[in-house]
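Structure, as structure tokens:
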Amino acid sequence: MKLIGPFSQLATLDNLPLRGALSDEQLNLQEGKGILISEGYIEEIGDFNALVEKADEVQRIPEGHVCIPSFVDCHTHICFAGSRAKDFSMRNAGKSYLQIAAEGGGIWSTVENTRKASGQDLVEGLKSRIEQLLRQGVTTVEVKSGYGLNYKDEIKMLRAIHTAQNTVSSDIISTCLAAHMKPKDFEESSERYLNYVLEEILTAVREENLSRRVDVFIEKSAFGIEESRAFLQKARILGFDITVHADQFTSGSARLAAELGAKSADHLEVLTDEDVAFLASSQTVAVALPGASLGLGEPFAPARKILDANGILAIASDWNPGSAPMGNLLAQASILATYEKLTTPELLSALTFRAAFALGLEDRGRLQKGMRADFQIYKADSIYEIPYRQGELKPCAVYILGTRAYGT
Ligand code: NIG
Ligand code: FE
């Protein structure tokens, strides 16, 4: 067994509830602790000195280092080709995201570039973004398809995501987002497109075991609520977990996600007070995507209200070439925390075990016996330095299944 420590401060998050508001006192910071690891999983957390005799190998951490669970980014679109820097500039010159989409830019322009890219190109891009996330302490990354929008290219994307898993130690969770928008070259109705997704794409995805999750973008420029309801119900019957891009510009779809028992409803920039209450009383995780608010200049999701209504809040980067090009999860979450008044335990929970729950994963995000030994170490005297430095303070080491995946 391997022992790592001692840490000046350690936050295990193991005592925190899955839902609701958290006060600073609940963070339960511990000093002088070590993590004892057996075959990638946590065997014990306790006083470092007492654990030394149980260990075959000891990795000593110098003074002035703190440790927290590594982060889970539960919503990204980092399998893509091309840039949308032009869109960013046009938006800042006054055009809206939906206007740009209607004029042939937006998601569609990334679809054109992604269709042209080879599978290998996609794997390379994805790998470098996953490594970038790893250097920020993110070790579980959800990645969506959704820039192929036909059988061939959606499968190409999902295979690339699958292949990338063999080249990185981070854990990748893939999601099929073939219902991102109706592609411009699909001549029939959006309802017919959703049926095509179900019959042609999802059937193959299931056979090839490329993903267990299905997402849909419910919005004026994408799909309507009723057609999405039928689509999601059928996807669920096929055995997929469901998640929804909800309430980004138009309200109503987060409610649908909660009604259908979706794993998560993501975006929520225009979630109404009534729907806050509805979503917060469900098992569906509310995922705030501050990177999309920052990328588009839109309001933040009402994270404070969701927590106060006892909801489950996660925060993800939404990293994509269009609405959220930044790709710095901790910076975005720290900024959200200042605007929405999130406590440090609320922030850390939203980036760890609550985000893991949105992906249906309950084996990570807290440091306790039986959990994956996925954690990160920062050179700092206090854990409060991490949100305070708003993403500028990076981990000096990141561990996945008890092995150092990054840093020294
Ligand atoms: O989550 N809202 C829809 N989909 C993505 C944006 C994708 C894109 O613009 O390329 C999002 O913001
Ligand atoms: Fe998204």
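Per the UniProt record's numbering, the very first residue in the sequence shown carries number 1; after that it's consecutive.
From the three backbone atoms N, C-alpha and C, an ideal C-beta is built for every residue, glycine too.
Proximity below 8 angstroms, CB of residue i to CB of residue j
i, j, result
"Leu-13", "Gly-34", "no"
"Glu-346", "Leu-126", "no"
"Cys-74", "Ser-264", "yes"
"Met-181", "Ile-100", "no"
"Gly-365", "Thr-352", "yes"
"Lys-220", "Leu-313", "no"
"Val-72", "Leu-393", "no"
"Leu-268", "Ala-301", "yes"
"Ala-183", "Leu-210", "Sequence check: residue 183 is Pro here, not Ala. No, the Cβ-Cβ distance between Pro-183 and Leu-210 is not below 8 angstroms."
"Ser-170", "Leu-122", "no"
"Leu-198", "Lys-234", "yes"
"Gly-311", "Ala-286", "yes"
"Ala-303", "Val-276", "no"
"Leu-194", "Phe-223", "yes"
"Ser-118", "Arg-84", "no"
"Ile-161", "Ser-174", "yes"
"Ser-382", "Gln-9", "yes"
"Lys-54", "Met-1", "yes"
"residue 437", "Asp-241", "This structure leaves residue 437 out entirely; the chain is present only between 1 and 408."
"Ala-93", "Thr-114", "no"
"Pro-299", "Ser-334", "no"
"Pro-6", "Gly-40", "no"
"Val-138", "Ser-96", "no"
Distance cut-off 7 angstroms: residue i Cβ against heavy atoms of the ligand NIG
i, result
"Asp-215", "no"
"Pro-248", "Strictly speaking, residue 248 in this sequence is Gln, with Pro absent from that position. Yes; taking the cut-off as 7 angstroms, the Cβ of Gln-248 has a heavy atom of the ligand NIG nearer than that."
"Ile-107", "yes"
"Ala-281", "Here residue 281 is Ser; the residue named in the question, Ala, does not match the sequence. Checking the Cβ of Ser-281 against the ligand NIG gives no."
"Gly-20", "no"
"Gly-322", "yes"
"Thr-110", "yes"
"Ala-292", "yes"
CB-CB length for residue i against residue j, believed under 8 angstroms
i, j, result
"Thr-76", "Glu-142", "6 angstroms"
"Ala-316", "Leu-342", "Contact flag wrong, Cβ pair sits at about 14 angstroms."
"Gln-368", "Ile-45", "7 angstroms"
"Thr-250", "Val-270", "7 angstroms"
"Gly-407", "Ala-373", "Rounded, the Cβ-Cβ distance is 15 angstroms, inconsistent with contact."
"Gly-327", "Arg-129", "7 angstroms"
"Gly-295", "Pro-325", "6 angstroms"
"Ala-179", "Phe-217", "7 angstroms"
"Ala-356", "Thr-140", "7 angstroms"
"Asp-215", "His-245", "6 angstroms"
"Leu-330", "Gly-261", "About 30 angstroms separates the two Cβ atoms, so there is no contact after all."
"Cys-396", "Tyr-378", "6 angstroms"
"Leu-158", "Leu-202", "Incorrect: roughly 11 angstroms between the Cβ atoms, too far for contact."
Heavy atom of the ligand FE within 7 angstroms of residue i beta-carbon
i, result
"Asn-328", "no"
"His-65", "no"
"His-245", "yes"
"His-162", "no"
"Asp-318", "yes"
Contact with chain C by residue i, beta-carbon distance below 8 angstroms
i, result
"Asp-121", "The question asks about chain C, but that chain is absent: this structure has only one protein chain."
**Stretch-stretch touch, CB-based, cutoff 8 angstroms, three pairs: the stretch 158 to 167 with the stretch 55 to 65** = No, the stretch 158 to 167 does not touch the stretch 55 to 65.
**Prompt:** Looking at C-beta atoms only, is the number of pairs between the stretch 5 to 19 and the stretch 43 to 61 that lie closer than 8 angstroms three or more?
**Reply:** Proximity of the stretch 5 to 19 to the stretch 43 to 61 meets the contact definition, three or more beta-carbon pairs being nearer than 8 angstroms.
**Request:** Give a yes or no on contact between the stretch 26 to 40 and the stretch 317 to 328, applying the rule of three or more CB pairs nearer than 8 angstroms.
**Result:** Between the stretch 26 to 40 and the stretch 317 to 328 there are fewer than three C-beta pairs closer than 8 angstroms, too few to call the two in contact.
**Given 8 angstroms, three or more beta-carbon pairs between the stretch 216 to 236 and the stretch 276 to 288** = In this structure the stretch 216 to 236 does not touch the stretch 276 to 288; the number of beta carbon pairs closer than 8 angstroms is below three.
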